[in-house]
Amino acid sequence: MPVLPGSPPVEVTLRRSAQARRFSLRVSRLDGRVTLTVPARAREAEALAFARDQEGWIRRALLDVPRTASVGLDTLLPVEGRQLLVRPGSGRSVRIEDDSLLVPGDPALVPVRLAAFLKALARERLAAACDHHARTLGRSYARLTLRDTRSRWGSCTHDGCLMFSWRLILAPPPVLDYVAAHEVAHLAQMNHSPAFWAEVSRLMPDYAPHRLWLRRHGQALHGFRFGD
């Protein structure tokens, strides 16, 4: 794998494409991977020269990649928009108490136990929000599933299946509610037409600032690692 020298060195993944007509660079905001797409017949030396010419842009883009942190004891973790300190707990269940997130048991299992707790809480909040919006819309959905998706916060299929990222539980409650309203609105309009946005506005008239919050801060929610 080619490397741009400097501090720190930057690895560049070369991807040859029969469809490419020119060199193009992409820096993933999820993991900082730098990919250089090149035409199938292009010389590698030319591709690396292009990458060196764009080094300043690459390093600026890497500065915008959210940092990742492993979750454990003493981690400050946002839950429903509140910053909670992860601390040892007693008993058998994870619980929120004041400004603390108390996790009993083996410290090595804190990430796994926290993930399970947050997924259960996310399902509870999303189901309540979707049920409410579906009643308002006069539609019903088939089922609700949670995943740890990185490319989208939610989706709705033609047969009424709703999917959401469980990491929405880390965002303020109105943001989670907006994503629920957005996907439920697809039960009536399977598109992003003006008619669709009219449905979203009917379900949540003040959705705009919550949509903006997700655009500005959503990627940071992927920066917490739960042992995966």
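Residue 80 in full-length UniProt numbering sits at position 80 of the sequence shown; the count goes up by one each step and never skips. All C-beta atoms in this analysis are idealised placements derived from N, C-alpha and C, irrespective of residue type, glycine included. All values derive from a computational prediction rather than experimental measurement.
Item: Is Pro9 buried or exposed, if buried means 16 or more other CB atoms sit within 10 Å of its CB?; Value: exposed
Item: Considering only the alpha carbon of each residue, which of Arg139, Pro107, Trp213, Leu48 lies closest to Asp74?; Value: Pro107
Item: When DSSP builds the beta bridges, which residues end up paired with Gln83?; Value: Pro78
Item: With a threshold of 6 angstroms on Cβ separation, who are the neighbours of Asn191 within its own chain once the five nearest residues in sequence on each side are excluded?; Value: none
Item: Just grab the DSSP bridge partners of Phe164 for me.; Value: Leu146, Gly154
Item: Where does Val3 land, buried or exposed, given buried means 16+ other C-beta within 10 angstroms?; Value: exposed
Item: Do Leu77 and Leu102 have their C-beta atoms within less than 8 angstroms of each other?; Value: no
Item: Buried or exposed: Pro5, going by 16 or more other Cβ atoms within 10 Å of its Cβ?; Value: exposed
Item: Using the rule of at least 16 other Cβ atoms within 10 Å of the residue's Cβ for burial, across every protein chain shown, is Pro111 buried or exposed?; Value: buried
Item: So, helix, strand or coil for Leu73, using DSSP?; Value: coil
Item: Give me the Cα-Cα distance between Arg147 and Ala208, rounded to the nearest whole angstrom.; Value: 25 angstroms
Item: Select from Leu25, Gly32, Val71, Asp64 the residue whose C-alpha is nearest the C-alpha of Arg52.; Value: Leu25
Item: Ordered along the chain, which non-local residues of its own chain (more than five positions away) have a Cβ less than 6 angstroms from that of Glu44?; Value: none
Item: Pull up the distance between the alpha-carbon of Arg152 and that of Ser165, whole angstroms please.; Value: 8 angstroms
Item: By Cβ distance below 6 angstroms, which residues in the same chain neighbour Thr35 in space, the five residues on each side in sequence not counted?; Value: Thr13, Arg15, Arg26
Item: Starting from Ser201, follow the alpha helix (DSSP H) in both directions and report where the run begins and ends.; Value: 194-203
Item: Per the DSSP calculation, Ile96 is bridged to which residue(s)?; Value: Leu101
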